[in-house]
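**Q**
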Amino acid sequence: MAVSAVSAGVGGLVAVSGAGLPATGVIDAAFDRRTAPTPALTRGGVLTSPAPTATSAPAPKSARYSKPAPSAKAARPPKPVAGLNQAQMSNAATIVRLAQERDLPRRAMLIAVMTAFQESSLRNLANSSVPASLDRPHQGVGDDFDSVGLFQQRPSQGWGTVAQLMDPRYAADAFYDRLVEIPDWESLSLGDAAQAVQRSAVPDAYADHEDRAIRIVDALS
1318 MAVSAVSAGV GGLVAVSGAG LPATGVIDAA FDRRTAPTPA LTRGGVLTSP APTATSAPAP
1378 KSARYSKPAP SAKAARPPKP VAGLNQAQMS NAATIVRLAQ ERDLPRRAML IAVMTAFQES
1438 SLRNLANSSV PASLDRPHQG VGDDFDSVGL FQQRPSQGWG TVAQLMDPRY AADAFYDRLV
1498 EIPDWESLSL GDAAQAVQRS AVPDAYADHE DRAIRIVDAL S
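For reference, each letter of the sequence shown is one residue, going 1318 to 1538 in our numbering.
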């Protein structure tokens, strides 16, 4: 007679039948019971499903990758045109950029660059007679009355404070303010428009820098 024995094993059951060979049907049934989904639970007579296994939701795209804001990138200094160093070209870039921000035409950029070239060779100049200007960042020292900065504007004549005029951006803005107040500035020659703002003792000198100003503005705009 075959002898069968059942003892604890896989899923709580191991079946031995006959001469010790596994009763595969019993083992399979036991394995099926072990791996079957957990049955619904009864709560208060109502069948409820077990709580789903928690899974981690994928991180939103913005949390995994953030594109740097354009402002986070350092501005690359403009490449100087022939005859200019980096400081001069950067000052010219400030003049051109400000005109663009103010929606002024290319003509205004040319007039301003010509003027700054005549007045300071596109350098932010302090003045040996104006001690406060020497305390500001500068690229050379002049000595004409109390004229300072890119456009050699004079604090004593209402252009601004020394600190303001030693800021190239402020100086360019002040120049454009005066330029656009001239009723017919757009119909004047470039040199005459510059002279109308500056009222220089050498009115014809601005026109000498027109060709160079064109090359500079073309490179920056």
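Glycine included, every Cβ here is placed at the ideal spot set by N, Cα and C.
For G1508, does the three-state DSSP call read helix, strand or coil?
**A** Mapped onto the sequence shown, residue 1508 falls at position 191. Here G1508 sits in helix by DSSP.
**Q** From W1476 to A1491, what distance separates their C-alpha atoms?
**A** Working through the sequence shown from its first residue, we reach residue 1476 at position 159. Working through the sequence shown from its first residue, we reach residue 1491 at position 174. Looking at the two C-alpha atoms, the distance is approximately 7 angstroms.
**Q** Name the DSSP bridge partner or partners of A1443?
**A** For the purposes of this step, residue 1443 is identified with residue 126 of the sequence shown, where counting begins at 1. In the DSSP output, where bridge partners are listed per residue, A1443 has V1458.
**Q** Return the residue from the list M1426, Q1456 and L1421 that minimises the CA-CA distance to D1528.
**A** Reading the sequence shown from its first residue, position 211 is the one you call residue 1528. Of the listed residues, the one whose Cα sits closest to D1528 is M1426.
**Q** The alpha helix (DSSP H) with Q1481 in it runs from where to where?
**A** Working through the sequence shown from its first residue, we reach residue 1481 at position 164. Its alpha helix (DSSP H) spans residues V1479 to L1482.
**Q** Going by Cα to Cα distance, which pick from L1439, Q1515 and S1504 is closest to H1455?
**A** Residue 1455 sits at position 138 when you count from the first residue of the sequence shown. Measuring from the Cα of H1455, the nearest candidate turns out to be L1439.
**Q** Buried or exposed for D1521, please, with buried defined as at least 16 other CB atoms from any protein chain shown within 10 angstroms of its CB.
**A** Numbered from its first residue, the sequence shown carries residue 1521 at position 204. In this structure D1521 is exposed. Its beta-carbon is surrounded by fewer than 16 other beta-carbon atoms within 10 angstroms.
**Q** Would you call S1506 buried or exposed, if buried means 16 or more other Cβ atoms sit within 10 Å of its Cβ?
**A** Residue 1506 sits at position 189 when you count from the first residue of the sequence shown. It is exposed - the Cβ of S1506 has fewer than 16 other Cβ atoms within 10 Å.
**Q** For the candidate residues S1437, Q1512, S1464 and F1434, whose alpha-carbon lies nearest to that of A1448?
**A** In the sequence shown, the residue the question calls residue 1448 occupies position 131. Per the sequence shown, the amino acid found at residue 1448 is Pro instead of Ala. Residue S1464 is the option with its Cα nearest to P1448.
**Q** Does DSSP put T1372 in a helix, in a strand, or in coil?
**A** Here residue 1372 refers to the residue found at position 55 when the sequence shown is read from its first residue. In this prediction, T1372 scores a pLDDT of 43, lower than 50, which makes its location untrustworthy; the coordinate-derived value is nonetheless stated afterwards. If DSSP states are grouped into helix, strand and coil, T1372 belongs with coil.
**Q** Whose C-beta lies closer than 7 angstroms to the C-beta of L1482 among residues of the same chain, with five residues either side of it excluded?
**A** The residue labelled residue 1482 in the question sits at position 165 within the sequence shown. The answer, listed in chain order, is V1465, G1466, Q1470, P1472, W1476 and A1488.
**Q** Between R1486, N1402 and S1407, which lies nearest to P1540 when the distance is taken from Cα to Cα?
**A** With the chain covering only 1318 through 1538, there is no way to say anything about residue 1540.
**Q** Using DSSP bridges, identify the partner residues of V1543.
**A** Not covered by the structure: residue 1543. The range shown for the chain is 1318 to 1538.
**Q** Thinking just about the alpha-carbon of each residue, which of A1416, R1419, E1436 and L1415 is nearest to the one in A1511?
**A** Residue numbering aside, residue 1511 sits at position 194 when the sequence shown is read from its first letter. The candidate whose alpha carbon is nearest that of A1511 is E1436.
**Q** Exposed or buried, T1478, counting other C-beta atoms within 10 Å across all chains shown (16 or more means buried)?
**A** Walking along the sequence shown from the start, residue 1478 turns up at place 161. Under this definition T1478 is an exposed residue.
**Q** Under the three-state reduction of DSSP, which class applies to A1524: helix, strand or coil?
**A** Within the sequence shown, residue 1524 is the residue found at index 207, counting from 1. If DSSP states are grouped into helix, strand and coil, A1524 belongs with the helices.
**Q** Does the beta-carbon distance from N1444 to G1459 come in below 7 angstroms?
**A** If you number the sequence shown from 1, residue 1444 lands on position 127. If you number the sequence shown from 1, residue 1459 lands on position 142. Yes.
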